[in-house]
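Colleague: Chains as they are written, first to last, in this note's numbering: chain A, 1093 to 1207; chain B, 7 to 117.
Glycine included, C-beta positions come from ideal geometry on N, C-alpha and C.
From a predicted model like this one, the values you see are computed outputs, not experimental measurements.
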Amino acid sequence: KAGVTQTPRYLIKTRGQQVTLSCSPISGHRSVSWYQQTPGQGLQFLFEYFSETQRNKGNFPGRFSGRQFSNSRSEMNVSTLELGDSALYLCASSLAWGDTYNEQFFGPGTRLTVL
Amino acid sequence: ELKVEQNPLFLSMQEGKNYTIYCNYSTTSDRLYWYRQDPGKSLESLFVLLSNGAVKQEGRLMASLDTKARLSTLHITAAVHDLSATYFCAVVSKAGNMLTFGGGTRLMVKP
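1. DSSP on A/Gly1158, reduced to helix/strand/coil?
2. Assuming A/Ser1123 and A/Ser1185 form a contact by the criterion Cβ under 8 Å, report the distance between their Cβ atoms to the nearest whole angstrom.
3. In chain B, which residues lie with their C-beta within 8 Å of the C-beta of A/Tyr1193?
4. What residues of chain B sit near A/Pro1200, judged by a beta carbon separation below 9 Å?
5. Is A/His1121 helix, strand or coil when you go by DSSP?
6. Judging by CA-CA distance, which residue of B/Ala96, B/Gly102, B/Gly22, B/Thr33 is the nearest neighbour of B/Glu41?
7. With 16 as the cutoff for other CB atoms within 10 Å, does A/Arg1155 come out buried or exposed?
8. At 3 residues or longer, what runs of the beta strand (DSSP E) sit wholly inside the stretch 75-110 of chain B?
9. So if DSSP puts A/Ser1114 in a beta bridge, which residue, or which two residues, is it bridged to?
10. Take every Cβ of the stretch 50-57 of chain B, pair it with every Cβ of the stretch 9-18 of chain B, and state whether three or more of those distances are shorter than 8 Å.
11. What residues in its chain sit with their C-beta under 6 Å from that of A/Ser1114, if we drop five residues either side in the sequence?
12. Quick check: A/Ser1157 and A/Asn1169, are their CB atoms within less than 7 Å of each other?
13. What would DSSP say about B/Asp44, mapped onto helix, strand or coil?
14. Nearest to B/Thr111 by alpha carbon, out of B/Lys23, B/Ile27, B/Gly22, B/Lys100?
15. Can you check which of these residues, B/Val61, B/Gly109, B/Val115, B/Ser99, is closest to B/His87 by C-alpha distance?
16. Against chain A, does B/Phe107 count as a neighbour if the rule is that its beta carbon must be under 7 Å from one of theirs?
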């Protein structure tokens, strides 16, 4: 069974540009979450999607947005990039959403560098 | 707001020694995860702890959960160099899969 895939793996952008990152969950998984990892702030939750609906949102500015498609693939977009957006962006996939336990599987991440 | 604190943040230890990493969290949770991350890599799931008193072991690692104390421990027995990595605990505090992570413990095991 293929794992979580993220594209691209590496990205270099300049300030003010926008970027779109993609995540394909494990086949059959319907929940996708996004996290940002930086040396200063650690791992921070961005948002979570299930059945094409945003279910939870972290404390990030509106420049960060996301969506989920009917095949459960998800994209996140960052507009007007700032130097501080340089980070490893991780996507996690899980089978379902709710109060019950769902194991989450992380993708390899997209390393974004903003110059 | 849920806060998760790990200590120590950095741990250098000799091979063969034992040590414990601590993870404290501030609000009620029924799910706690431990992850391992190697440099430049993604997160690898180690343990999921779902109930008070839960204990799980895999090789030289053993994790436990005390929900009353809001404390989880990751115990390392007879460390080996291959265990060198950064270890994170993470807690789910509301419906869904949103994880709040601790700051991580960078473990270096020296020969």
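Modeller: Judging by the given coordinates:
1. Strand at A/Gly1158.
2. With 8 Å as the limit, A/Ser1123 and A/Ser1185 qualify as a contact, their Cβ atoms being about 7 Å apart.
3. Neighbours of A/Tyr1193 across chain B, judged by C-beta separation under 8 Å: Arg37, Val54, Leu56.
4. Here the neighbours are Lys47, Ser48.
5. Secondary structure at A/His1121: coil, using DSSP grouped into helix, strand and coil.
6. Just to set this straight, residue 41 of chain B is Tyr in the shown sequence, not Glu. Comparing Cα-Cα distances from B/Tyr41 to each of B/Ala96, B/Gly102, B/Gly22, B/Thr33, the minimum goes to B/Ala96.
7. A/Arg1155 is exposed by the Cβ-count criterion.
8. Runs found: 77-82, 91-98, 105-107.
9. Beta bridge pairing from DSSP links A/Ser1114 with A/Thr1099, A/Glu1167.
10. Contact between the stretch 50-57 of chain B and the stretch 9-18 of chain B is absent, because fewer than three Cβ pairs lie under 8 Å.
11. Result list for A/Ser1114: Thr1099, Glu1167, in chain order.
12. Contact: yes.
13. In the structure shown, B/Asp44 sits in coil (DSSP, three-state: anything other than H, G, I, E or B).
14. Checked all of B/Lys23, B/Ile27, B/Gly22, B/Lys100; the closest Cα to B/Thr111 is B/Ile27.
15. That would be B/Val115, whose Cα lies nearest to the Cα of B/His87.
16. True, the Cβ-Cβ gap to chain A drops below 7 Å.
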